[in-house]
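Chains as they are written, first to last, in my numbering: chain L, 3 to 157; chain P, 259 to 335.
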């Protein structure tokens, strides 16, 4: 399964793949384009990726989560290209026996993708301006481009 | 060596370009590019470098045949 998509993400189709007879909990996170950022009105986002690395890293992150929380299902798909307001830019689905593992794993996966996967967002505003946005700035805290401060760690 | 840049780095460098200078390590390449374009020095210092689809450290030894991908801080999601 590809983890990057240049086309609209079909969430119902992905959710249909997430049902598992041993899973009592399925958690779906959809990261979507917001209509505002930095006090300006957003027209759309455009995502770029170093695709070979991003595919590999997302597969590794999903595998880490599956092993750590004994997930039955772990799915993640991130958009590339133009994503209009209210459309899904990234989806993460986790399924496990109980909800606590599905929630925790889901947060782990999205945090790791946001901090580590070579995917970049450019915000295009209705005033015609644009801005590469939301860069991981953990290096300013950790002093190391490879060390991050994750939300799932509660920091 | 061939260099590939992404995202905000494309505001400072071409998307792909060749570096002919004799540079030994990734750190040397970083220093060379920072001197070549000082406005990019801050963002370059926050970048990761990848060769053959693997991230490499600052002391990684480069060859003239390498293709080097300069990876700015992530901003997916």
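Built from N, CA and C at the ideal position, the CB exists for glycine as well. This structure is a prediction, so every number in the text was calculated from the model and none was measured.
Measuring only the C-alpha atoms, how far is residue 299 of chain P from residue 89 of chain L?
Counting from 1 along the second chain, the entry for residue 299 of chain P is found at position 41. Counting from 1 along the first chain, the entry for residue 89 of chain L is found at position 87. Whole-angstrom Cα-Cα distance: 35 Å.
Between which two residues does the beta strand (DSSP E) carrying residue 47 of chain L extend?
Counting from 1 along the first chain, the entry for residue 47 of chain L is found at position 45. Segment 42-51, the beta strand (DSSP E) holding residue 47 of chain L.
Does the separation of the CB atoms of residue 52 of chain L and residue 307 of chain P fall below 7 Å?
Looking up residue 52 of chain L in the first chain gives position 50. Looking up residue 307 of chain P in the second chain gives position 49. No.
Identify each residue in the stretch 275-287 of chain P for which the Cβ-Cβ distance to at least one residue of chain L is less than 8 Å, and report them in chain order.
none
Per DSSP, what kind of secondary structure is residue 6 of chain L in: helix, strand or coil?
Stepping through the first chain from its first residue, residue 6 of chain L is reached at position 4. Strand at residue 6 of chain L.
Residues of chain P with CB under 8 Å from residue 86 of chain L, in chain order?
Numbered from 1 along the first chain, position 84 holds the residue referred to as residue 86 of chain L. Within chain P, no residue comes near residue 86 of chain L; the closest Cβ sits about 17 Å away, beyond 8 Å.
Strictly below 8 Å CB to CB, what residues from chain B border residue 9 of chain L?
In the structure shown, chain B cannot be found, because the protein chains are L and P.
Coarse secondary structure for residue 36 of chain L, derived from DSSP in three states
For the purposes of this step, residue 36 of chain L is taken as residue 34 along the first chain, with counting starting at 1. Here residue 36 of chain L sits in coil by DSSP.
Taking the DSSP output, what are the residues bridged to residue 80 of chain L?
Locating residue 80 of chain L in the first chain gives position 78, counting from the first residue. Paired residue(s): L:6 and L:92.
Closest residue to residue 50 of chain L among L:19, L:151, L:83 and L:111 (Cα-Cα distance):
Mapped onto the first chain, residue 50 of chain L falls at position 48. Residue L:83 is the option with its Cα nearest to residue 50 of chain L.
May I ask you to verify whether the stretch 8-27 of chain L touches the stretch 120-140 of chain L, counting CB pairs closer than 8 Å and requiring at least 3?
Short answer: they don't touch.
is_contact[residue 261 of chain P, chain L] using C-beta, thresh 7 Å:
Position 3 of the second chain, counted from the start, is the residue given in the question as residue 261 of chain P. No, because no Cβ of chain L sits closer than 7 Å to the Cβ of residue 261 of chain P.
Please state if the CB of residue 284 of chain P and the CB of residue 259 of chain P are separated by a distance shorter than 7 Å.
Sequence index remark: in the second chain, residue 259 of chain P carries index 1 (1-based). Sequence index remark: in the second chain, residue 284 of chain P carries index 26 (1-based). Contact flag unset, no.
Opposite residue 27 of chain L in the DSSP bridges: which residues?
As a first step, residue 27 of chain L must be located in the first chain, where it is residue number 25. BP columns for residue 27 of chain L point to L:98.
Does DSSP classify residue 271 of chain P as helix, strand or coil?
Residue 271 of chain P sits at position 13 when you count from the first residue of the second chain. Three-state result, residue 271 of chain P: coil.
Do residue 71 of chain L and residue 39 of chain L come within 7 Å of each other at the CB atom, strictly closer than that value?
The residue labelled residue 39 of chain L in the question sits at position 37 within the first chain. The residue labelled residue 71 of chain L in the question sits at position 69 within the first chain. In this structure, residue 71 of chain L does not lie closer than 7 Å to residue 39 of chain L by Cβ.
Compare the C-alpha of residue 120 of chain L against each of L:59, L:131 and L:92 and name the closest.
Residue mapping note: residue 120 of chain L aligns to position 118 of the first chain, counting from 1. Answer by Cα proximity: L:59.
Throw me the rounded Cβ distance for the residue 270 of chain P and residue 295 of chain P pair, which I believe falls under 8 Å.
Working through the second chain from its first residue, we reach residue 270 of chain P at position 12. Working through the second chain from its first residue, we reach residue 295 of chain P at position 37. That belief holds up - the Cβ atoms of residue 270 of chain P and residue 295 of chain P are roughly 5 Å apart, short of 8 Å.
My understanding is that residue 332 of chain P touches residue 116 of chain L, with C-beta atoms under 8 Å, so please give their C-beta distance in whole angstroms.
Here residue 332 of chain P refers to the residue found at position 74 when the second chain is read from its first residue. Here residue 116 of chain L refers to the residue found at position 114 when the first chain is read from its first residue. Their Cβ separation, rounded to whole angstroms, is 6 Å, which keeps residue 332 of chain P and residue 116 of chain L in contact under 8 Å.
If you measure between the beta carbons of residue 114 of chain L and residue 63 of chain L, is that distance less than 7 Å?
Reading the first chain from its first residue, position 112 is the one you call residue 114 of chain L. Reading the first chain from its first residue, position 61 is the one you call residue 63 of chain L. Contact annotation: residue 114 of chain L and residue 63 of chain L have beta-carbon atoms nearer than 7 Å.
Residues bridged to residue 354 of chain P [DSSP beta-bridge criterion]
Given that chain P is displayed from residue 259 to residue 335, the structure contains no residue 354 of chain P and the question cannot be resolved.
Chain P contacts made by the stretch 89-101 of chain L, where a contact means CB separation under 8 Å:
91 and 92
Just the chain L side, please: which residues come within less than 9 Å of residue 270 of chain P by C-beta, in chain order?
Taking the first residue of the second chain as position 1, residue 270 of chain P is located at position 12. In chain L, no part has a C-beta under 9 Å from the C-beta of residue 270 of chain P; the shortest such distance is about 11 Å.
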